[in-house]
Amino acid sequence: MKKVITYGTYDLLHQGHINLLRRAKELGDYLIVGVTSDSFDRGRGKLNVRNNVLERVEAVKATGYADEIVIEDYVGQKIDDIQKYDVDIFAIGSDWEGKFDYLKEYCQVVYLPRTEGISSTQLREESETVFRVGIIGSGRIAKRFVPESKVVNGIKVVSVLNPDEEEAKSFCEQFQLESYHTDFDAFIRGVDAVYVASPHLTHYNYTKRALLAGKHVLCEIPFVLSEAEAQELYSLAAEKRLVLLEASKTAHCPGFMHLVTLVKSGIIGEVVDVKASLSKMVEAPTRELDASQAGGSMTEHAPLTLMAIIKLLGRDIADANFHSKMQDGVDIFTKGVINFPHATASITLGIGVKTEGNLVVSGTKGYVYVPAPWWLTDYFEVRYEDQTKNRKYFYSYDGDGLRYEIQEFISMIVNGRLSSYRLRRRESIAIARIIEQYRNHTDVTEI
Ligand code: CTP
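Per our numbering: the sequence shown = residues 147 to 593.
Structure representation (structure tokens):
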């Protein structure tokens with residue numbers, strides 16, 4: 147019996163796939179089809195696949211050509227499968243010509259003619275509404291946003307708002323946007339959603355005005371600096387059935403999300419301590435060192451570190467206290483201890499003091515160690531007393547990582563989902579509450 151194997155994502159199954167499967171089947175007596183898992187596709191940067199793995203498997207089954215279906219979940223699996231299933235022929239479309247010659251060591255490799263004029267990418271693009279997004283602010287993070295948005299389907303950054311006309315114009319030219327604005331009303335009319343990337347103290351106002359104008363909002367961190375403001379904005383968004391998402395990029399990063407689910411499933415036992423540190427040195431003059439612009443390590447770095455703590459330990463905070471090293475009214479270093487009824491956590495933040503930016507989650511059975519920079523999680527280790535049980539986990543963290551939060555933002559809009567499990571509204575409100583507590587100087591000691 148001649149066995150043939152072929153692989154693909156088979157998203158929105160189309161005639162090209164059907165032709166390919168028929169041709170592959172005709173090469174032998176038995177056809178095995180490898181369908182990529184959702185996480186494998188995400189890991190290799192295919193973020194826009196519409197059908198989940200079960201739907202894609204069902205679609206391949208329905209063609210009637212597959213005698214067996216396997217799930218492709220890791221790089222190198224093709225070699226394993228070919229040997230395991232005793233495969234004679236590996237077949238794939240001609241768009242891959244030459245790319246799989248390395249498999250010739252294990253079986254015959256055949257490139258089959260690809261059907262012209264159709265692909266899943268094309269179908270996704272044709273059936274998609276493209277949301278027009280405007281950016282408020284044109285600083286460093288806004289500049290990273292535009293290229294990242296290009297790898298996500300369904301979004302087009304069209305305009306920028308900045309009261310400084312020169313800045314707005316130069317940003318618009320640099321990224322070849324449709325328009326630039328200094329006037330909010332003119333700006334908001336031309337967009338479906340906004341990305342708020344302006345100075346901290348303007349987040350609340352811009353977000354509120356955008357929501358009142360009926361637009362979805364993705365707001366940079368720190369979202370807002372008080373619990374009441376956060377609550378008000380989320381209520382307003384809910385009332386108007388609009389998406390409001392805090393742009394906590396680490397919460398959307400695949401490696402960090404997996405860390406949370408692993409810890410929550412008990413692999414290190416009960417979590418007793420979380421230590422999160424984040425430092426990025428800055429030099430004056432910069433808004434981070436400007437007290438009048440709410441600069442400081444707490445406003446800069448607490449949102450991501452508190453997000454990690456709250457995701458892992460919840461929002462049931464018993465008390466918190468902080469120690470800060472101040473310079474010109476700004477905390478260039480802050481150490482905070484946050485106590486829970488049965489656990490404790492600490493944050494160590496710096497903009498003028500360099501700390502090792504790692505994350506350590508300690509439990510009754512073991513601990514998770516994420517080396518610096520933990521907030522761009524692409525690797526972590528789970529360690530135990532018995533070192534033979536230690537495990538290392540690797541992930542891809544593509545580009546600047548903003549693509550993951552952008553994709554979630556668009557997916558929430560498309561699906562009318564007002565809440566994201568990656569960062570719940572109540573979790574975002576809890577972050578604002580702790581930052582507010584700090585800024586009100588409750589339990590803050592100067593060192
Ligand atoms: N294929 C084909 N003809 C097409 C499209 C795909 O023969 N018009 C083949 C591919 O070469 C591959 C298999 O179908 O052997 C599965 O491809 P997949 O990547 O799932 O499909 P695409 O439509 O190419 O998907 P995408 O646009 O997401 O890359």
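Backbone N, C-alpha and C define an ideal beta-carbon position, used for all residues, glycine too.
On a predicted model such as this, the values are computed, not experimentally measured, just so you know.
Around the beta carbon of E172, a 10 Å sphere encloses fewer than 16 other beta carbons of the protein chains shown; the residue is thus reported as exposed. The three-state secondary structure of K354, taken from DSSP, is helix. At a cut-off of 4 residues, the continuous stretches assigned as alpha helix (DSSP H) that sit fully inside the stretch 374-412 are 400-410. Taking all protein chains in view, the Cβ of K535 is surrounded by fewer than 16 other Cβ atoms within 10 Å, so the residue is classified as exposed. With respect to the C-alpha of D329, the residue from Y380, R290, G509 and A314 having the closest C-alpha is A314. For S266, the Cβ falls inside the 6 Å cut-off from some heavy atom of the ligand CTP. Sorting D462, N198, A384 and L435 by C-alpha distance to the C-alpha of S185 places N198 at the top. Per DSSP, reduced to three states, the secondary structure at M472 is strand. Not a single heavy atom of the ligand CTP lies less than 6 Å from the C-beta of I414. Exclusion of the five residues before and after T155 leaves V181, T182, D187, K192, V195, R202 and S266 as the residues of its chain whose Cβ lies within less than 8 Å of its Cβ. Only residues of its own chain outside the window of five on either side were considered, and among them G496, I497, G498 and K500 have a CB closer than 8 Å to the CB of M427, listed in chain order. Note on S273: under 16 other CB atoms within 10 angstroms of its CB, so exposed under the neighbour-count rule. Contact annotation: the stretch 385-403 touches the stretch 546-556, with at least three C-beta pairs closer than 8 Å. For L458, the uninterrupted alpha helix (DSSP H) run begins and ends at S443 to L459, by DSSP.
Distances between the C-beta of R169 and the heavy atoms of the ligand CTP are all 6 Å or more. Cβ neighbours of Y252 within its own chain (closer than 7 Å, five residues either side excluded): I225, I228 and Q229.
If you ignore the 5 residues before and after V298, its C-beta comes within less than 8 Å of the C-beta of L193, N194, R549, I552, Q553 and I556, all in its own chain and listed in chain order. The C-alpha of V406 lies about 44 Å from the C-alpha of P259. Distance from the Cα of A339 is smallest, within the candidate group E311, F277, A374 and L347, for F277.
Taking all protein chains shown into account, A578 has 16 or more neighbouring C-beta atoms within 10 Å of its C-beta and is therefore buried.
When the Cα atoms are used, F486 and E531 turn out to be separated by approximately 25 Å.
In the DSSP assignment, S266 falls within the alpha helix (DSSP H) that extends over S266 to E272. With respect to the C-alpha of V370, the residue from K361, V303, T432 and A440 having the closest C-alpha is A440.
Between the ligand CTP and G180, a heavy atom-to-CB distance of less than 6 Å is absent. Taking all protein chains shown into account, F236 has 16 or more neighbouring C-beta atoms within 10 Å of its C-beta and is therefore buried. I334 is not a Cβ neighbour of A422, given a cutoff of 7 Å. Inclusion of F468 and T480 in the CB contact set at 7 Å is warranted, their separation being smaller than that value.
Close CB contacts of A212 within its chain, under the 6 Å cut and outside five residues either way in sequence, are with L177, V179 and V206 (chain order).
Remark: the C-beta of H163 is in contact range of the ligand CTP, defined as less than 6 Å to any heavy atom.
If you check the CB distance, M453 and S394 come in under 7 Å.
Counting only runs that start and end inside the stretch 561-592, the alpha helix (DSSP H) elements of at least 4 residues fall at 571-585. The continuous alpha helix (DSSP H) containing R290 extends over residues R286 to S295.
Under the DSSP definition of a beta bridge, H362 partners with A339. Restricting attention to alpha helix (DSSP H) runs no shorter than 4 residues, the stretch 528-566 encloses them at 548-561, ordered along the chain. Under DSSP, R278 forms a beta bridge with K302.
Distance from the CA of K245 to the CA of A170, rounded to the nearest whole angstrom, comes to 17 Å.
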